[in-house]
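Peer 1:
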Amino acid sequence: MTHETNIKVRGYHLDLYGHVNNARYLEFLEEARWTFFEERGDLPWFLQSGLALVVVNINIDYRYPATMGDALAIATSVKSIGSRSAVMHQRVTLAGTDKVVAEADVTFVVFDAKQNKAVTLEGQLKELLQSMLDQ
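Going by my numbering, the sequence shown runs without a break in its numbering and finishes at 203.
1. Across which residues does DSSP place Ser153 in a beta bridge pair?
2. Are Leu189 and Arg152 closer than 8 Å when you measure CB to CB?
3. Applying the 10 Å Cβ sphere with the 16-neighbour rule, what's the burial state of Tyr93?
4. Here's the rule: buried if 16 or more other CB atoms are within 10 angstroms of the residue's CB, otherwise exposed. What is Met136?
5. If you follow the beta strand (DSSP E) that Thr73 is part of, which residue opens it and which one closes it?
6. DSSP state of Lys194, grouped into three classes?
7. Are at least three pairs of beta-carbons, each pair with one atom in the segment 100–120 and one in the segment 184–199, less than 8 Å apart?
8. To the nearest whole angstrom, what separates the beta carbons of Ala134 and Val88, a pair I think is in contact under 8 Å?
9. Should Gln158 and Thr144 be called a contact, given that it needs their Cβ atoms to be closer than 8 Å?
10. Keeping to the same chain, check which residues put their C-beta closer than 8 Å to that of Phe105; ignore five residues upstream and five downstream.
Spelled out as structure tokens, the structure:
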């Protein structure tokens, strides 16, 4: 299941060259992941569970510079689920076009605050993520 989040590029997103700073894309991607879970997941249950999804790796490819006023569409989906981690795929395009601005694979683990460690991905959380798989 793919979810789309829209973001408009503002002046404070830009670097000295007039395009979106590479670090801002990480914020855009995080915003899109939060929106995905708010709109398609069971965010209240998750927040009360004592679990956290902790990013352990991000691979991002920058393909086209976004500039002031551009409308960006960020497609987010769960790409794969393992026993201890999962990967979300995110694609940033100029809204209304197929022009790819950036693509990222974001790997995360499930962290249990009570145990203070990463735990096996199972139960209700695994079922939730499986319902979000891009198939």
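We treat Cβ as the ideally placed atom computed from N, Cα and C, and that holds for glycine.
Peer 2: Taking the geometry as given:
1. Val177
2. yes
3. buried
4. exposed
5. 71–76
6. helix
7. yes
8. 4 Å
9. yes
10. Leu111, Phe114
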